[in-house]
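Chemist: Everything in the sequence shown is counted per the working numbering, starting at 4 for the first residue and increasing by one.
The beta-carbon is built from N, C-alpha and C at its ideal position, and this holds for glycine as well.
The model shown is predicted, which means the values in this text are computed figures rather than measured ones.
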Amino acid sequence: RTAEWGWLEYLLQASCSTFKIRMRAAWSVANKRFNTEFETRCKGMPQLHAWLPVSELPLGQSVQDICRNGFRQGHKGVSFHIGNLQLPGLHAAGRDQGNERGYGVRSHGRTLPAGRRLYEFLLCRVGVGRSYMVESISEAQNLTLPPEFDSFFVRHSPANEQAVEEEYPGVLPRHVLHQEYMVRDPAQALPIYLVHFEYDPDMQEQLTLPLCDSCGIQAAVLYCEADDAILCRACDSRIHSANKLASRHVRVDLNKRPNAQLGKCPEHPTVDAELYCIDCKLPICGHCTKLGSHSSGEAARHRHIGLREAYQTAVQSSMDNTKNLLSDRQRVEIKMVAELDRRLGYVQESTQALQDTVYDRIQGAVHQAQELAEKQASIFFADELEAKRQIDQSAWMATFLEDEVKSLPPAEFLDNWLRHAKVREEADLLGVLAKPRASSSLRLEGGLRL
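#1: Runs of 3 residues minimum, wholly inside the stretch 15–92: which ones carry the beta strand (DSSP E) assignment?
#2: Report the partner residues of V2 according to the DSSP bridge assignment.
#3: With three or more C-beta pairs closer than 8 Å as the rule, is the stretch 134–145 touching the stretch 10–26?
#4: Using a Cβ distance threshold of 8 Å, determine whether the stretch 120–128 contacts the stretch 39–57, with at least three qualifying pairs required.
#5: Compare the Cα-Cα distances from I195 to each of R71, R120, H370, S110 and report the closest residue.
#6: So, with DSSP's three-state summary, where would you put E301?
#7: Note down the Cα distance separating M136 from L347, rounded to an integer number of angstroms.
#8: Can you look up F152 in the DSSP assignment and give me helix, strand or coil?
#9: Helix or strand or just coil, what does DSSP make of L142?
#10: Reducing DSSP to helix, strand and coil, say where G130 ends up.
#11: Run the CB neighbour count on V408, radius 10 Å, all protein chains shown included, and call it buried at 16 or more, exposed below.
#12: Below 8 Å on the Cβ atoms is my contact criterion, and I expect Q393 with E336 to pass it. Report the Cβ-Cβ distance as a whole number of Å.
#13: Return the Cβ separation of R36 and P189 in integer angstroms, given the expectation that the two are a contact with Cβ distance under 8 Å.
#14: For the stretch 219–300, list the beta strand (DSSP E) runs that are entirely contained and at least 3 residues long, ordered along the chain.
#15: Between the C-alpha atoms of R260 and H423, what's the straight-line distance to the nearest angstrom?
#16: Please classify H370: does DSSP put it in a helix, a strand, or coil?
#17: In angstroms, rounded to a whole number, what distance separates the CA positions of S82 and G63?
#18: Rounded to a whole number of angstroms, what is the C-alpha to C-alpha distance between Q315 and L417?
#19: Are the stretch 216–229 and the stretch 380–399 touching by the rule of at least three beta carbon pairs closer than 8 Å?
#20: Output the distance between the C-alpha atoms of D406 and P286, rounded to the nearest integer angstrom.
#21: Are P150 and V108 closer than 8 Å when you measure CB to CB?
#22: Taking the C-alpha atoms as reference points, what is the distance between S31 and F152?
#23: Can you name the residues that DSSP bridges to L121?
#24: Which of the three DSSP states is assigned to G97 in this structure?
#25: For a cutoff of 8 Å on Cβ pairs, would you count E352 as touching chain B?
#26: Within the continuous beta strand (DSSP E) that includes H307, where are the two ends?
#27: Can you check whether the CB of R27 is closer than 8 Å to the CB of F156?
#28: If distances are taken between C-alpha atoms only, which option among S154, S110, E42, W8 comes closest to K79?
#29: Could you give the DSSP three-state label for P412: helix, strand or coil?
In C-alpha cells:
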C-alpha cells in the first residue's frame with residue numbers, strides 16, 4: 004500500500020472514529036483544468052478536506068458528471084461537512100441515540116455478505132476562505148453572500164461538539180468535530196479522490212479498551228501493579244485515595260503495563276511480532292528473519308530493533324511532535340484570536356461611542372453606523388472563527404492519536420502513526436490563516452456622513 008492509500012484510509016477511520024473500516028479501492032479523479040481554476044480562485048485562503056457521500060451528490064449530479072464538468076452549485080450552493088461522519092448504525096449500543104456525533108450520513112450503503120456494507124465517497128478540497136456565519140443551511144440558501152466573504156459557515160450546537168466523558172462501555176471519550184460550510188463558486192470545490200470503503204459491524208473494534216475491573220462499566224485506562232488491576236479514572240481516584248497505603252501504589256497508562264500485547268506480524272497474522280524493521284517501517288517476526296521476507300536479499304541487511312523499543316520511541320516522538328506542533332501553531336492561532344477579539348471589541352466600542360454622538364441628531368445615521376460596524380465585525384468574526392476551527396481540528400486529531408496510543412498494540416500503532424503524520428501534514432499545508440484587515444474602528448469626522 005502506498006503512503007497516499009494509508010493517508011486516505013486513516014482519514015476515513017479518524018472521521019468515523021472507528022477501525023471497522025477498510026478501504027477497498029481509490030481512484031484519483033483530479034482534473035488538470037479544474038485544479039488550475041481551484042488554485043487560482045483559492046490561492047492564499049484556508050482550504051479543507053471534506054468527504055461527500057456519492058449518494059448525496061447535489062442537484063442530481065453523477066460522479067462522472069462532477070469529474071468531467073465540476074460541481075454545479077447554482078444559486079443555493081453545495082454544502083460540505085468537516086470532521087466526524089456518523090454512518091447509520093455505526094454505534095449500535097446507543098452512541099448515535101439522542102446525541103449528535105458528527106454529520107449523519109443518510110445512506111446505508113450497498114449490502115454485502117455477513118452484514119458488511121460498501122460505501123462510495125468523494126474526497127474534495129474546499130476553499131472556504133472567509134466565512135459568513137448563519138444559523139442553518141436554509142438561511143444560507145436564501146441569503147446573498149456578501150462580496151467580502153467566500154463561503155457560509157453553518158452553526159451547529161456547541162454542546163454536541165464537546166468530548167463526552169466515557170459515554171459508552173469500553174469506548175474512550177471522543178472529541179466530536181462537526182463543521183459545515185456552503186460554497187457557491189464551483190471553482191472553490193475540487194474533487195480529488197473517489198473512494199470505496201467497507202464497514203464491517205462484526206469486525207473487532209481496536210479502539211475499544213477492556214472494561215474497568217472495579218466498576219465493569221467504563222473503559223480502563225490505568226494499570227495498578229500492586230493490585231494487578233486495570234481501572235477507569237473514577238475508580239482509580241476512589242480506590243487509591245482511600246488510605247495512605249493505597250495512595251502509594253504506582254499506576255501506569257494501560258498501554259505501558261508489563262504484559263501488554265505487542266500485536267501480530269503483518270506478514271504472518273498468527274505470529275506475534277517481535278522486531279521492527281527501520282528500513283521497511285514494518286513490524287516483523289522471527290519467521291520473517293529466518294524464512295520470510297527479511298531472510299535473504301537486500302531485506303536481510305535491513306536494520307532491526309525490538310518492537311517494544313520502536314513503539315516507545317514512536318509514542319514519545321508522537322507526543323513530543325504533537326506537543327511542539329500544537330504549542331507553536333496554537334500560539335500563533337491563539338494570538339490571532341486574541342488580536343481579532345481586541346479588534347472586534349474596539350469596533351463595538353467605537354460603534355457605541357459613535358451612537359452616543361449622533362443619536363440625538365439623526366437616527367438614520369445611527370442605523371448606517373450599525374450596518375457598517377456589523378459588516379466589519381463579521382469579517383473579523385469570520386477570521387476568528389477560522390482560527391478557532393483550526394485549533395479544534397488540531398485538538399481533534401491529537402485526541403484520536405491519544406486513543407490509538409492507549410488502545411492499539413505497537414504493531415498497529417506504528418503504522419497508524421505514519422498515517423497520522425501524513426494527515427497532520429496535509430492539514431497544515433491547507434490551513435492558511437487570512438491576515439487581519441488593517442482598519443478596525445469607526446470615527447466621526449466633519450459632519451454626520453459615514
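Modeler: The relevant details are as follows:
#1: For secondary structure counted as the beta strand (DSSP E) over 3 or more consecutive residues, the stretch 15–92 holds these complete runs in sequence order: 24–31, 50–56, 81–86.
#2: Examination of residue 2 is not possible in this model, given that the chain is present from 4 through 453 alone.
#3: Note that the stretch 10–26 does not touch the stretch 134–145; fewer than 3 beta-carbon pairs, one per stretch, sit closer than 8 Å.
#4: Enough Cβ pairs lie closer than 8 Å, so yes.
#5: Of the listed residues, the one whose Cα sits closest to I195 is R71.
#6: Here E301 sits in helix by DSSP.
#7: Within the model, the alpha-carbon separation for M136 versus L347 is close to 15 Å.
#8: F152: coil per DSSP, three-state reduction.
#9: Residue identity differs from the one stated: residue 142 is Glu in this sequence, not Leu. In the displayed model, E142 falls within a helix according to three-state DSSP.
#10: Collapsing the DSSP output to three states places G130 in a strand.
#11: Buried, by the Cβ-count rule.
#12: Contact holds; Cβ gap of about 6 Å.
#13: With a Cβ gap of about 12 Å, R36 and P189 do not count as contacting.
#14: Counting only runs of 3 or more, we get 225–227, 232–234, 254–256, 278–280, 285–287.
#15: A straight line joining the alpha-carbon of R260 with that of H423 spans about 24 Å.
#16: H370 falls in the helix class under three-state DSSP.
#17: Rounded to whole angstroms, the separation of the alpha carbons of G63 and S82 is 14 Å.
#18: If I take the Cα positions, the gap works out to 10 Å.
#19: As far as the Cβ criterion goes, the stretch 216–229 does not touch the stretch 380–399, which means the pair count is below three.
#20: So the alpha carbons of these two residues sit roughly 20 Å apart.
#21: Taking a C-beta distance under 8 Å as the contact criterion, P150 and V108 do not qualify as a contact pair.
#22: Their Cα atoms are separated by approximately 30 Å.
#23: Answer is R113, E201, bridged to L121.
#24: With a pLDDT of 40 at G97, under the threshold of 50, the predicted position of this residue should be treated as unreliable, and no value is reported.
#25: Looking at the structure shown, chain B is missing, and only one protein chain is on hand.
#26: From DSSP, the beta strand (DSSP E) with H307 extends over 307–309.
#27: Cβ atoms of F156 and R27: not closer than 8 Å.
#28: A check of alpha carbon separations from K79 across S154, S110, E42, W8 identifies S154 as the nearest.
#29: Coil.
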